[in-house]
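In our numbering, the protein residues as written are 79 to 174.
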């Protein structure tokens, strides 16, 4: 596992130079693993599909990431119907 030097924070966010280093490291690891799909939006939508979830905490490092996370949260079109998902699988039979 590689190490990445993270720079100072500005207003709670990484400075642009440090963000670029973090992004390069993330992209390098994804490329090495053969991953070219950003799972974050799908995973966030999956969590927010659960009606028992009011808040999903999403890690962010930059203002762009914050804005992207807000947009993902506002998009209800990509959420799944949890009840339909649960009913898709056969329910266990109970003995009477």
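C-beta: ideal position from N, C-alpha, C; glycine also.
Practice problem: Take the Cβ of residue 172 as the centre, count every other Cβ of all protein chains shown within 10 Å, and call the residue buried at 16 or more, exposed below. | Solution: Walking along the chain shown from the start, residue 172 turns up at place 94. It counts as exposed.
Quiz item: If you count every other CB in all the chains shown that lies within 10 Å of the CB of residue 130, and 16 or more means buried, which is it?
Solution: Locating residue 130 in the chain shown gives position 52, where the first residue counts as 1. Exposed, since its Cβ has fewer than 16 Cβ neighbours within 10 Å.
Practice problem: Specify, as a first and last residue, the run of the alpha helix (DSSP H) that residue 154 falls within. | Solution: Translated into positions along the chain shown, residue 154 becomes position 76. That residue, residue 154, is in no alpha helix (DSSP H); it is neither H nor E in DSSP.
Self-check item: Alpha-carbon to alpha-carbon, residue 165 and residue 143
Solution: Numbered from its first residue, the chain shown carries residue 143 at position 65. Numbered from its first residue, the chain shown carries residue 165 at position 87. About 35 Å.
Practice problem: Answer yes or no: do residue 214 and residue 157 have a C-beta to C-beta separation smaller than 9 Å? | Solution: The structure shown does not extend to residue 214, since the chain spans only 79 to 174, so no value can be given for it.
Self-check item: Selection from 128, 111, 148 and 145 that minimises the alpha carbon distance to residue 163
Solution: Residue 163 sits at position 85 when you count from the first residue of the chain shown. The shortest C-alpha separation from residue 163 is found at 128.
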